[in-house]
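>
Number of protein chains: 2
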Amino acid sequence: MMEFPSRVEVVEVGPRDGFQNIKTFIPTAVKLQIIAQLIAAGVRKMEVTSFVHPKAIPQMADAAEIASTVCAKYQEADFVPLALVPNLVGAKNAYRCGIREVAYVISASEKHNLANINRTRDQSLVELASITSELPDLKVRLDVATAFGCPFLGRVDDGLVLSLIEAGLQRGISTVVLCDTIGVANPKQVYNLVRAVQNAFPNIPLGLHLHDTRGMGLANTLAGLAAGVTSFETSVGGLGGCPFAPGAAGNTATEDMVNMLQAMGVATGIDLDKCLAVVQTVRDHIQAELTGHMGKACRYDNL
Amino acid sequence: MMEFPSRVEVVEVGPRDGFQNIKTFIPTAVKLQIIAQLIAAGVRKMEVTSFVHPKAIPQMADAAEIASTVCAKYQEADFVPLALVPNLVGAKNAYRCGIREVAYVISASEKHNLANINRTRDQSLVELASITSELPDLKVRLDVATAFGCPFLGRVDDGLVLSLIEAGLQRGISTVVLCDTIGVANPKQVYNLVRAVQNAFPNIPLGLHLHDTRGMGLANTLAGLAAGVTSFETSVGGLGGCPFAPGAAGNTATEDMVNMLQAMGVATGIDLDKCLAVVQTVRDHIQAELTGHMGKACRYDNL
Numbered sequence: 001m002m003e004f005p006s007r008v009e010v011v012e013v014g015p016r017d018g019f020q021n022i023k024t025f026i027p028t029a030v031k032l033q034i035i036a037q038l039i040a041a042g043v044r045k046m047e048v049t050s051f052v053h054p055k056a057i058p059q060m061a062d063a064a065e066i067a068s069t070v071c072a073k074y075q076e077a078d079f080v081p082l083a084l085v086p087n088l089v090g091a092k093n094a095y096r097c098g099i100r101e102v103a104y105v106i107s108a109s110e111k112h113n114l115a116n117i118n119r120t121r122d123q124s125l126v127e128l129a130s131i132t133s134e135l136p137d138l139k140v141r142l143d144v145a146t147a148f149g150c151p152f153l154g155r156v157d158d159g160l161v162l163s164l165i166e167a168g169l170q171r172g173i174s175t176v177v178l179c180d181t182i183g184v185a186n187p188k189q190v191y192n193l194v195r196a197v198q199n200a201f202p203n204i205p206l207g208l209h210l211h212d213t214r215g216m217g218l219a220n221t222l223a224g225l226a227a228g229v230t231s232f233e234t235s236v237g238g239l240g241g242c243p244f245a246p247g248a249a250g251n252t253a254t255e256d257m258v259n260m261l262q263a264m265g266v267a268t269g270i271d272l273d274k275c276l277a278v279v280q281t282v283r284d285h286i287q288a289e290l291t292g293h294m295g296k297a298c299r300y301d302n303l
Numbered sequence: 001m002m003e004f005p006s007r008v009e010v011v012e013v014g015p016r017d018g019f020q021n022i023k024t025f026i027p028t029a030v031k032l033q034i035i036a037q038l039i040a041a042g043v044r045k046m047e048v049t050s051f052v053h054p055k056a057i058p059q060m061a062d063a064a065e066i067a068s069t070v071c072a073k074y075q076e077a078d079f080v081p082l083a084l085v086p087n088l089v090g091a092k093n094a095y096r097c098g099i100r101e102v103a104y105v106i107s108a109s110e111k112h113n114l115a116n117i118n119r120t121r122d123q124s125l126v127e128l129a130s131i132t133s134e135l136p137d138l139k140v141r142l143d144v145a146t147a148f149g150c151p152f153l154g155r156v157d158d159g160l161v162l163s164l165i166e167a168g169l170q171r172g173i174s175t176v177v178l179c180d181t182i183g184v185a186n187p188k189q190v191y192n193l194v195r196a197v198q199n200a201f202p203n204i205p206l207g208l209h210l211h212d213t214r215g216m217g218l219a220n221t222l223a224g225l226a227a228g229v230t231s232f233e234t235s236v237g238g239l240g241g242c243p244f245a246p247g248a249a250g251n252t253a254t255e256d257m258v259n260m261l262q263a264m265g266v267a268t269g270i271d272l273d274k275c276l277a278v279v280q281t282v283r284d285h286i287q288a289e290l291t292g293h294m295g296k297a298c299r300y301d302n303l
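Same order as they appear, the protein sequences are chains A and B. Heads up: the first sequence begins at 1 in full-length UniProt numbering, then just goes up one per residue. Heads up: the second sequence begins at 1 in full-length UniProt numbering, then just goes up one per residue.
#1: Using 8 Å for Cβ pairs, my map puts G238 of chain B next to A249 of chain B. What's the rounded Cβ distance?
#2: Report the neighbours of D256 of chain A on chain B: residues whose CB is nearer than 9 Å to its CB, in chain order.
#3: In whole angstroms, what is the alpha-carbon distance linking Y300 of chain A and F152 of chain B?
#4: Alpha helix (DSSP H) containing P187 of chain B: first to last residue?
#5: In whole angstroms, what separates the C-alpha of L225 of chain B from that of R141 of chain A?
#6: State the Cα-Cα distance for the pair D62 of chain B and T28 of chain B, rounded to the nearest angstrom.
#7: Around the C-beta of P54 of chain B, are 16 or more other C-beta atoms found within 10 angstroms, so that it is buried, or is it exposed?
#8: Tell me whether A41 of chain A is buried or exposed, calling it buried when 16 or more other Cβ atoms sit within 10 Å of its Cβ.
#9: Can you give me the start and stop residues for the beta strand (DSSP E) that T175 of chain B sits inside?
#10: Could you check whether the region 198–211 of chain A touches the region 159–175 of chain A, counting it as contact only if at least three pairs of C-beta atoms, one from each stretch, sit closer than 8 Å?
#11: List the residues that DSSP assigns as beta-bridge partners of P81 of chain A.
#12: For V13 of chain A, which residues from the same chain have a beta carbon less than 6 Å from its beta carbon, with the 5 sequence-adjacent residues on both sides left out?
#13: Among A:Q189, A:V197, A:T291, A:A196, whose alpha-carbon lies nearest the alpha-carbon of N220 of chain A?
#14: Within 7 Å of any Cβ in chain B, is that where the Cβ of N118 of chain A sits?
#15: Taking the alpha helix (DSSP H) that F153 of chain B falls in, what are its first and last residues?
#16: According to DSSP, which residues form a beta bridge with I106 of chain A?
#17: Could you check whether the Cβ of A248 of chain B sits closer than 7 Å to any Cβ belonging to chain A?
#18: Any C-beta of chain A within less than 8 Å: which residues of the region 155–167 of chain B qualify?
#19: For chain A, find out if any of its Cβ atoms is closer than 7 Å to the Cβ of N113 of chain B; answer yes or no.
#20: At a CB-CB cut-off below 9 Å, which residues of chain B make contact with M264 of chain A?
#21: For V161 of chain A, does the three-state DSSP call read helix, strand or coil?
#22: Beta carbon of D273 of chain B: closer than 6 Å to some heavy atom of the ligand SAM?
#23: Using a Cβ-Cβ cutoff of less than 7 Å, which residues in the same chain neighbour Q287 of chain A once the five nearest sequence positions on both sides are dropped?
#24: Just how far apart, CA to CA, sit Q75 of chain A and Y95 of chain A?
#25: Taking its Cβ as the centre, do 16 or more other Cβ atoms sit within 10 Å of residue 314 of chain B, making it buried, or is it exposed?
#26: DSSP puts S124 of chain B in a beta bridge; with which residues?
#27: In angstroms, rounded to a whole number, what distance separates the CA positions of L138 of chain B and H209 of chain B?
#28: For N259 of chain B, would you say it is in contact with chain A, using Cβ-to-Cβ distances shorter than 7 Å as the test?
#29: Leaving out five residues before and five after L88 of chain B in sequence, what residues of the same chain have Cβ atoms less than 7 Å from its Cβ?
#30: Taking 8 Å as the cut-off, does the region 172–191 of chain B touch the region 174–186 of chain A (at least 3 CB pairs, one atom from each stretch)?
#31: I'd like to know if G240 of chain B contacts chain A, where contact means its C-beta is closer than 7 Å to some C-beta of that chain.
#32: In terms of residues, what are the limits of the beta strand (DSSP E) holding F89 of chain A?
#33: Just the chain A side, please: which residues come within less than 7 Å of Y95 of chain B by C-beta, in chain order?
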């Protein structure tokens, strides 16, 4: 404990996970401005949109335009645009726009997968196999939803997570992201599950997607760091609250993550002041309660 | 890392540190009701008031009544009422009401001590010596303010903290509490400072008073736990925000602390549901923005 890596990757998910929770359609130009500001702040990997059906999530109706614009604009840059895809159709659309790495979500909990995606885990895995076989150039990140807890199952057994990852690996995923979908993970659990995954699958890149719903976003991050994780997904401003609990925090805020890591001497490549400027842009243009802390805290020049 | 104690002490400071930040006078009966509810929830050590001059903090004008009532009512119980005292006069008043353990604040940073208490560190230490010599039965907890950062100095050198503790020990303090007064500590720093204090003074009981201003309250708690600390000060609802940054969090919320520790299998003796009922009482009676997370999050019966 208290040995940390010198650098970690902070993957921004606000333009996907954050925006999709906003009811009012955000103009495409505003989305592109926020994405551009985040990249200028130093973000090097970002979920820029989601190729879901616009009837399911109207906010993401401009997915193709967002993805095409970002892929064209930053193709020379050291920047990796990600998109969430729910199925092969979405993956093909994303690929056509220039996306070469996608996030694909399956819940560790069968009941949650049915409620969330209307598929069994096995059905989700069949679709995953069709994506990886039909689009061999496309990297797929497996987002393991409800990895730490499920509204239906309660505590999720590690075995459910491990079996899902194994099935994903057999179908060609390139990265695993353990997601605390409802924000109930605790640091001990994060540490232990990460260690279990690392032991079972030592070669797969592993990321964490931790929510701050119960104030443990950064504590769980610390546990993940201590276990050796070097990739964390966050959302600018903390965008992406829990839709079932107004006012409750959802995603851990990018600016809170960057501030903590910077204070600990862990580089992220993201400039905190520029990141806070993005929070202000979000405030100016989007009607949302922002739950990130750094946007409200005093700044001290000497700290 | 990730070995934790089976039990820690959560010291409630809401009725002192929280209430003193509330402008409108809280009726004494409401204060006593909240204190009673906290004790019923399982709190076993609590700062119940502050014996400051009522001109300085009118909210604490009923200190003697609060302290006397609580000391009389719970003298049989396994409960330790604490009071903050700024000087010998306050300590004598507290003692007269039945208080046998007080918190006395000195800032590690000389400039902050002058701004906060209008005394140099040396002047504060002279007053401390008069308290411990005139009231030998009174236990004194030394609250080391700005232990991790100061608005004037910036990062506070460990040496300033260590020298203050040494001076306090020479004057008979019984406990040291390292306070992150402005909420700028980070987990690495907490771990390192705790270790430094333990190494220099292995026999003094050590507590942490961590703020959640930048979202690191529980992450810093985790670092403290990892370093061996087993006493943490928190405030119900997160009462006690930063007066300079409206909306920003101040104290780490008791309910957030209890929830995390319980989830990790660390006993606190505090019942989470009863603690959340106190949060509701605070909401019902006190006009304050509560920054604790658990009061806003969904509850799951099975988690």
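Positions of the beta carbon are idealized from the N, C-alpha and C atoms, including for glycine.
Once the coordinates are examined:
#1: Locating residue 238 of chain B in the second sequence gives position 238, counting from the first residue. Locating residue 249 of chain B in the second sequence gives position 249, counting from the first residue. Between A249 of chain B and G238 of chain B the Cβ distance is about 6 Å, and since that is below 8 Å, they are a contact.
#2: Position 256 of the first sequence, counting from 1, holds the residue named residue 256 of chain A. Going along chain B in sequence order, the residues near D256 of chain A (Cβ under 9 Å) are R214, G215, M216.
#3: Here residue 300 of chain A refers to the residue found at position 300 when the first sequence is read from its first residue. Here residue 152 of chain B refers to the residue found at position 152 when the second sequence is read from its first residue. Distance between the alpha carbons of Y300 of chain A and F152 of chain B: 9 Å.
#4: Counted from its first residue, the second sequence places residue 187 of chain B at position 187. Per DSSP, P187 of chain B belongs to the alpha helix (DSSP H) from 187–200.
#5: Position 225 of the second sequence, counting from 1, holds the residue named residue 225 of chain B. Position 141 of the first sequence, counting from 1, holds the residue named residue 141 of chain A. Spanning the two alpha carbons is a distance of roughly 34 Å.
#6: For the purposes of this step, residue 62 of chain B is taken as residue 62 along the second sequence, with counting starting at 1. For the purposes of this step, residue 28 of chain B is taken as residue 28 along the second sequence, with counting starting at 1. Approximately 7 Å between the Cα atoms of the pair.
#7: Counted from its first residue, the second sequence places residue 54 of chain B at position 54. The residue in question, P54 of chain B, is exposed, as its Cβ has fewer than 16 Cβ neighbours within 10 Å.
#8: Here the question's residue 41 of chain A lines up with position 41 in the first sequence. When all chains shown are included, A41 of chain A counts as buried.
#9: If you number the second sequence from 1, residue 175 of chain B lands on position 175. Residues 175–179.
#10: yes
#11: As a working mapping, residue 81 of chain A is identified with position 81 in the first sequence. Paired residue(s): A:M46.
#12: Position 13 of the first sequence, counting from 1, holds the residue named residue 13 of chain A. Cβ neighbours of V13 of chain A beyond the five flanking positions: E47, E233, S235.
#13: On the first sequence, residue 220 of chain A is found 220 positions in, with the first residue counted as 1. Minimum Cα distance to N220 of chain A is reached at A:Q189.
#14: One-based indexing of the first sequence puts residue 118 of chain A at position 118. Not closer than 7 Å to any Cβ of chain B, the Cβ of N118 of chain A fails to qualify, so no.
#15: As a working mapping, residue 153 of chain B is identified with position 153 in the second sequence. First, the amino acid is wrong: residue 153 of chain B is Leu here, not Phe. Careful: L153 of chain B lies outside any alpha helix (DSSP H) and carries neither H nor E.
#16: In the first sequence, counting from the first residue as 1, residue 106 of chain A sits at position 106. In the DSSP output, where bridge partners are listed per residue, I106 of chain A has A:V144.
#17: On the second sequence, position 248 is the one that residue 248 of chain B refers to. With 7 Å as the cut-off, A248 of chain B counts as an interface residue toward chain A.
#18: R155
#19: Here the question's residue 113 of chain B lines up with position 113 in the second sequence. Answer no: the Cβ-Cβ gap between N113 of chain B and chain A never drops below 7 Å.
#20: Translated into the one-based positions of the first sequence, residue 264 of chain A becomes position 264. Simply N186, P187, K188, Q189.
#21: In the first sequence, counting from the first residue as 1, residue 161 of chain A sits at position 161. Three-state DSSP puts V161 of chain A in a helix.
#22: Of the ligands one can find in the structure shown there are none, so the ligand SAM has no counterpart to examine.
#23: Position 287 of the first sequence, counted from the first residue, corresponds to residue 287 of chain A. Closer than 7 Å at Cβ, skipping near neighbours: T24.
#24: On the first sequence, position 75 is the one that residue 75 of chain A refers to. On the first sequence, position 95 is the one that residue 95 of chain A refers to. So the alpha carbons of these two residues sit roughly 14 Å apart.
#25: No information on residue 314 of chain B is available, as it lies outside the stretch 1 to 303 that chain B covers here.
#26: For this step, residue 124 of chain B is matched to residue 124 along the second sequence. In DSSP, S124 of chain B forms no bridge with anything.
#27: What you label residue 138 of chain B is simply residue 138 of the second sequence in a count that begins at 1. What you label residue 209 of chain B is simply residue 209 of the second sequence in a count that begins at 1. When rounded, the distance between both Cα atoms is 21 Å.
#28: For the purposes of this step, residue 259 of chain B is identified with residue 259 of the second sequence, where counting begins at 1. Judged by the 7 Å Cβ criterion, N259 of chain B is in contact with chain A.
#29: For the purposes of this step, residue 88 of chain B is taken as residue 88 along the second sequence, with counting starting at 1. The answer, listed in chain order, is E127, S130, I131, E134.
#30: no
#31: Walking along the second sequence from the start, residue 240 of chain B turns up at place 240. By this cut-off, G240 of chain B is not an interface position.
#32: In the first sequence, residue 89 of chain A corresponds to position 89, counting from 1. Reading off the sequence shown, one finds Val at residue 89 of chain A, where the question assumed Phe. Run containing V89 of chain A: none in the beta strand (DSSP E); it sits in the alpha helix (DSSP H), 88–96.
#33: Here the question's residue 95 of chain B lines up with position 95 in the second sequence. In chain order: nothing, as chain A lies at least about 37 Å away.
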